[in-house]
Amino acid sequence: MQKYINIGLMLICAIAFIETSFNLLGRVALIENHFKRAKFYLSLSRDKELLGFVFYKQDKFDEAFNYYKERKDWRGMGWAYYGMGKYDEAQDYFKRVNDNVGIGQVKLAQGDYAEAKKIFKETSEYSGLGLTYLADNDFENAKNSFMRAGDNFGLGLTLLAKGDFASSLNIFSGSGNNTVKGLNFLMENKFNLALTEFEKIGNNSLLASYHKFVGNYSEATKIYTENNNISQIGSIMIHDNDLMSAYNLYDKNEDSIGLGDTYFALGDYERAHELYAKQKAYDKAIQSLLMSGNLKKTIKFCETLTEQNPDDLNIKYQLCEIYRLSSNNKKADYIISQLEENDYFKIKSSILKARIRILKNNLNDLSQYLQDIINKSGTGFLSSKVLSSAKMLNLTLTPPQTEKIEIFVTGNPKKIFVIILLSILASILITFLIIYLRNKMPQSFSIENLQVGMGGVSQTHKIIYSAASTSLKLSTVAKIQNKYATPPPAENIEPQKKEIIEDTKTLATGQEKIEKSGVQVLQIALKKLGVTASAFELMELAGEETGKLTVYGIYLAARAKGVQVQGIKVDVDYLMESVDAIHLIFFHDETFALLNSINSENVLLTVGVNNVKTLSVTAFKEQWNGYVITISKF
129 MQKYINIGLM
139 LICAIAFIET
149 SFNLLGRVAL
159 IENHFKRAKF
169 YLSLSRDKEL
179 LGFVFYKQDK
189 FDEAFNYYKE
199 RKDWRGMGWA
209 YYGMGKYDEA
219 QDYFKRVNDN
229 VGIGQVKLAQ
239 GDYAEAKKIF
249 KETSEYSGLG
259 LTYLADNDFE
269 NAKNSFMRAG
279 DNFGLGLTLL
289 AKGDFASSLN
299 IFSGSGNNTV
309 KGLNFLMENK
319 FNLALTEFEK
329 IGNNSLLASY
339 HKFVGNYSEA
349 TKIYTENNNI
359 SQIGSIMIHD
369 NDLMSAYNLY
379 DKNEDSIGLG
389 DTYFALGDYE
399 RAHELYAKQK
409 AYDKAIQSLL
419 MSGNLKKTIK
429 FCETLTEQNP
439 DDLNIKYQLC
449 EIYRLSSNNK
459 KADYIISQLE
469 ENDYFKIKSS
479 ILKARIRILK
489 NNLNDLSQYL
499 QDIINKSGTG
509 FLSSKVLSSA
519 KMLNLTLTPP
529 QTEKIEIFVT
539 GNPKKIFVII
549 LLSILASILI
559 TFLIIYLRNK
569 MPQSFSIENL
579 QVGMGGVSQT
589 HKIIYSAAST
599 SLKLSTVAKI
609 QNKYATPPPA
619 ENIEPQKKEI
629 IEDTKTLATG
639 QEKIEKSGVQ
649 VLQIALKKLG
659 VTASAFELME
669 LAGEETGKLT
679 VYGIYLAARA
689 KGVQVQGIKV
699 DVDYLMESVD
709 AIHLIFFHDE
719 TFALLNSINS
729 ENVLLTVGVN
739 NVKTLSVTAF
749 KEQWNGYVIT
759 ISKF
């Protein structure tokens with residue numbers, strides 16, 4: 129009797145192993161977008177609910193509908209109608225099963241953003257909320273929502289839409305599709321090749337971001353106008369310093385965030401902060417407070433936000449940065465320990481730790497700490513950033529070894545049947561192994577951040593990635609090494625070290641604006657190149673001490689942000705020839721100024737943050753006879 133029981137157990141074991149093998153192979157094939165192979169394997173397994181999803185992924189919505197109808201899967205039928213664009217019918221089926229997430233996706237597709245946001249907030253569906261903000265061109269809230277959801281794909285889309293190609297490439301690394309190929313070409317300054325890859329995708333928003341990034345503003349504006357993207361049209365106006373047109377555009381369209389951007393560009397940071405905070409654009413609200421120079425008020429604002437939004441890691445990160453700047457390292461360390469639990473913030477928290485070690489003068493183990501970061505991170509953006517920072521600190525680190533590209537190959541029928549044959553001949557111990565594996569078998573696989581559960585598309589709020597007019601479909605079969613250029617050695621501008629700017633208002637008080645700081649002018653100049661940095665970060669990079677800033681410090685701060693920098697004595701002929709670069713000019717008795725334009729007769733300067741001056745070339749030569757720091761992209 130025991131003999132027959134053992135044989136029965138072995139047969140059950142073999143059948144279970146076969147079914148599990150087919151199920152697993154079907155899911156892997158689905159991840160790799162091999163739909164025919166997925167259909168074959170899944171049809172041989174008991175997990176046939178996923179077959180409907182295979183039809184959906186192939187845009188065979190009629191077949192998907194018939195498949196779900198036969199099984200009376202109302203939710204699946206709703207998604208099939210959703211794929212067909214029959215949103216009212218889809219909503220009816222979602223209501224039958226109380227699928228509020230599905231209803232929210234319908235509202236999003238119909239353009240009812242207010243109702244979609246309401247539903248996603250009530251259901252704590254932050255990925256769907258992020259997509260709604262993204263569709264509504266509210267990039268800050270979109271980014272915060274995706275980060276709260278741990279949704280890197282959505283975060284990458286947001287950064288891409290904002291034109292932050294470097295950050296989006298870092299997130300999307302691991303894919304060989306047109307998007308990442310284009311981003312790689314862009315980072316290598318191969319603009320024509322990048323444009324070719326982006327045109328293959330056929331995504332107008334991406335093309336507009338590309339044109340904006342390379343400075344082709346007329347073409348970008350044309351696309352943004354066709355898409356009625358008021359936010360980006362106004363952004364280009366601000367970039368061109370056409371602030372009155374931007375203000376009128378945003379005011380007409382009641383775009384409070386756009387108005388805040390306009391006030392920010394005008395230097396009215398208090399008014400900008402009020403508008404940002406009212407719209408819950410917290411990143412910008414914090415930045416505007418920092419620019420006002422009121423550190424205490426900024427800390428209080430961030431602490432209040434953290435209390436009101438305890439799960440918002442982005443706000444915690446901002447607060448951590450501010451604690452670090454105010455030398456409150458204990459509080460900064462505590463927040464870092466919370467940030468390290470989230471994959472997205474691991475990189476940022478590692479860099480923060482290194483900065484805190486520097487502030488504590490704990491340089492003995494800093495070198496080993498940075499080397500550990502490189503060893504764990506391998507090639508890519510983080511390692512390149514750590515190496516460049518270490519070079520500035522005269523620390524010697526070992527670059528990471530180039531990663532081998534490994535491709536996971538599946539679907540060899542001969543190997544499959546060999547495995548099955550071996551399983552049948554296995555001992556009774558396989559029974560316990562199968563029980564263990566079936567208990568531990570992952571019930572979901574990430575497909576472009578799309579969760580596919582055992583119930584088919586039963587809880588697939590992120591299915592809209594394949595139906596939301598985005599062709600950014602990422603495959604995870606290979607890792608691609610990011611390519612970031614390391615800035616060349618600094619030009620010797622040693623004589624400039626002696627030029628000191630005495631600030632009458634210092635950071636120590638934190639009560640009043642810093643009127644005579646080249647840091648704020650540098651921040652505006654970097655923004656024109658698409659590089660963002662807070663005033664306090666630049667002060668730290670410039671070596672700010674007790675309110676004193678050197679020309680050399682400003683020079684180093686600009687280099688640390690990864691742009692090409694040159695420092696020479698002011699020369700009018702040189703300034704008129706290098707019109708494509710951005711120039712910061714140091715005047716011995718006053719402050720830094722941003723050169724707006726220059727010709728044979730007149731010079732237009734922005735002195736400090738928002739004081740515009742027009743001088744004759746003769747007067748300019750007499751008064752502004754200090755140094756010029758020229759910044760540009762590599």
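Positions in the sequence shown are counted from 1; adding 128 to them yields my numbering.
From the three backbone atoms N, C-alpha and C, an ideal C-beta is built for every residue, glycine too.
Fewer than three pairs of CB atoms, one per stretch, sit closer than 8 Å, so the stretch 232-242 makes no contact with the stretch 362-380. For Leu-733, the enclosing beta strand (DSSP E) has its first and last residue at 730-735. By the 16-neighbour rule on beta-carbons within 10 angstroms, Thr-349 is buried.
Thr-742 sits in a strand when the DSSP states are folded into three classes. With fewer than 16 other Cβ atoms from the protein chains shown falling within 10 Å of its own Cβ, Glu-705 counts as exposed. Counting every other CB atom within 10 Å of its CB across the protein chains shown gives Asp-701 a total below 16, marking it as exposed.
The beta carbon of Leu-650 lies closer than 7 Å to those of Leu-666, Ile-682, Ala-685, Ala-686, Leu-712 in the same chain, with the five residues before and after it left out. Within the DSSP bridge table, the entry for Val-693 names Ile-759 as partners. In the three-state reduction of the DSSP assignment, Ala-721 falls in the strand class.
DSSP places Trp-752 in no alpha helix (DSSP H); its state is neither H nor E. For Glu-705, the enclosing alpha helix (DSSP H) covers residues 700-705. Going by DSSP, Thr-349 is part of the alpha helix (DSSP H) stretching over 345-354. The DSSP assignment places 358-367, 371-380, 384-394, 397-406, 410-420, 423-436 as complete runs of the alpha helix (DSSP H) inside the stretch 353-441, in order along the chain (cut-off: 4 residues).
C-alpha of Ser-359 to C-alpha of Thr-660: approximately 18 Å in a straight line. Under the three-state reduction of DSSP, Leu-657 is assigned to coil, being neither helix nor strand. The alpha-carbon separation between Ser-744 and Phe-341 amounts to approximately 33 Å. Under DSSP, His-711 takes part in a beta bridge, and its partners are Thr-758.
Nearest in C-alpha terms to Arg-399, of all of Tyr-210, Ser-416, Lys-408, is Ser-416. CA-CA distance, Val-693 to Ala-244, rounds to 47 Å.
Ile-726 has Val-731 as its beta-bridge partners, per DSSP.
Nearest Cα to Trp-207 within the set Gly-230, Ala-653, Val-225: Gly-230. In the displayed model, Val-225 falls within coil according to three-state DSSP, outside both helix and strand. Per the coordinates, the alpha-carbon of Val-698 lies some 47 Å from the alpha-carbon of Thr-434. Taken through DSSP and simplified to helix, strand or coil, Ser-255 comes out as helix. Our two residues, Asn-194 and Leu-287, have alpha carbons roughly 38 Å apart in a direct line. Taken atom to atom, the span from the alpha-carbon of Thr-324 to that of Ile-351 is near 17 Å. For Gly-206, the enclosing alpha helix (DSSP H) begins and ends at 202-212. Per DSSP, the continuous alpha helix (DSSP H) segment holding Gly-681 begins and ends at 679-688.
Here the alpha carbons of Met-212 and Glu-250 stand approximately 27 Å from one another.
Between Ala-277 and Tyr-261 the beta-carbon gap is near 12 Å, outside 8 Å, which marks them as no contact. Rounded to whole angstroms, the Cβ separation of Tyr-196 and Gly-204 is 3 Å, and the two are in contact under 8 Å. Per DSSP, Asn-265 lies in no alpha helix (DSSP H) and is assigned neither H nor E. Taken atom to atom, the span from the alpha-carbon of Asn-422 to that of Tyr-404 is near 17 Å. In the assembly as shown, Asp-439 is an exposed residue. Its beta-carbon has fewer than 16 other beta-carbons within 10 Å.
Straight across, the Cα-Cα distance linking Lys-655 with Asn-320 is about 24 Å.
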